[in-house]
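> Dumping the structure here so I can ask a few things about it.
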Amino acid sequence: VIFRFENLIDYESIQGIKRVFISHEFLERLVMTPEYLIDLLERKYYINMPVSRKAIAFYETEFNDHHHMLIYGVDTEQKEFLCKDYRGRSFVSFRCSFEELIQSAKIYSNPYATESNGMLAYKIDDETNETINYSKLCVEFTKLKNEYVLDDLGTYGVNAIDLFDRDICKAPIDSRY
1458 VIFRFENLID YESIQGIKRV FISHEFLERL VMTPEYLIDL LERKYYINMP VSRKAIAFYE
1518 TEFNDHHHML IYGVDTEQKE FLCKDYRGRS FVSFRCSFEE LIQSAKIYSN PYATESNGML
1578 AYKIDDETNE TINYSKLCVE FTKLKNEYVL DDLGTYGVNA IDLFDRDICK APIDSRY
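Numbering-wise (the working numbering), the sequence shown opens with residue 1458 and increments by one.
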């Protein structure tokens, strides 16, 4: 859900990405009227939303644990956000109603957050220099190779690259990305 090719705590280090960050303390008010989120999605932003899994039917849990899910679109007629997250080893699509997101914001709690606690919206910056910095790429792949690998989820380290490669192979080729 979060770009895992960089330091998860330092979102500002991801070059070429436009970011909008909203602190957790403002999220409950923000999701009560979803126009701002809809506007971000219409402007081609993806939203990394902190949620309480208990409030979102997709997660099928009664535990009020925090999590981040990806919102990539909206169906305003059905009043649902189009989302993606991991289920097993697959990155799957699902829908989250506006009401579920409101309930999630009301009960969300992450008192021991080790990274910025809030919503992150991001998109490719069209004004970014498209030249590849190969030394930075080499450093990032080296960091991935040496980082912790969680085999069950496959979302860290080398397994993150494998999941990305499998997912990108399903999409149309776009040389920019």
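Yeah, the Cβ is synthetic: ideal placement off N, Cα and C, and Gly gets one too.
DSSP has L1539 in a bridge; who is on the other side?
L1539 is bridged to G1530, R1552.
> Does DSSP put L1610 in a helix, in a strand, or in coil?
Below a pLDDT of 50, predicted positions are generally treated as unreliable, and L1610, at 47, falls in that range; no measurement from the model is reported.
> Indicate the three-state DSSP secondary structure (helix, strand or coil) for R1546 in the structure shown.
It is coil, neither helix nor strand.
> Tell me whether K1475 sits in a helix, a strand or coil according to DSSP, three-state version.
Strand at K1475.
> Between the segment 1574-1591 and the segment 1552-1560, can you find at least three pairs of beta-carbon atoms closer than 8 Å?
The segment 1552-1560, when compared against the segment 1574-1591, does not touch it at the 8 Å Cβ threshold.
> Skipping 5 residues on each side, what residues in its chain have a beta carbon closer than 8 Å to that of D1522?
So the list reads S1509, R1510, K1511, once near-sequence residues are dropped.
> Determine, using beta carbons only, whether F1538 and V1531 come nearer to each other than 9 Å.
Yes.
> DSSP on K1501, reduced to helix/strand/coil?
It is coil, neither helix nor strand.
> Can you tell me whether S1561 is helix, strand or coil according to DSSP?
Three-state result, S1561: helix.
> What is the C-beta distance between Y1502 and V1477, in whole angstroms, given that I count them as a contact (C-beta under 8 Å)?
Rounded, the Cβ-Cβ distance is 7 Å, consistent with contact.
> Within a Cβ cutoff of 8 Å, which residues of the same chain sit near S1566, ignoring the five residues on either side of it in sequence?
So the list reads S1509, N1521, H1523, once near-sequence residues are dropped.
> Less than 9 Å between the beta carbons of V1488 and L1497, yes or no?
No, the Cβ-Cβ distance between V1488 and L1497 is not below 9 Å.
> What is the DSSP secondary structure of Y1516, counted as helix, strand or coil?
Residue state, collapsed to three classes: helix.
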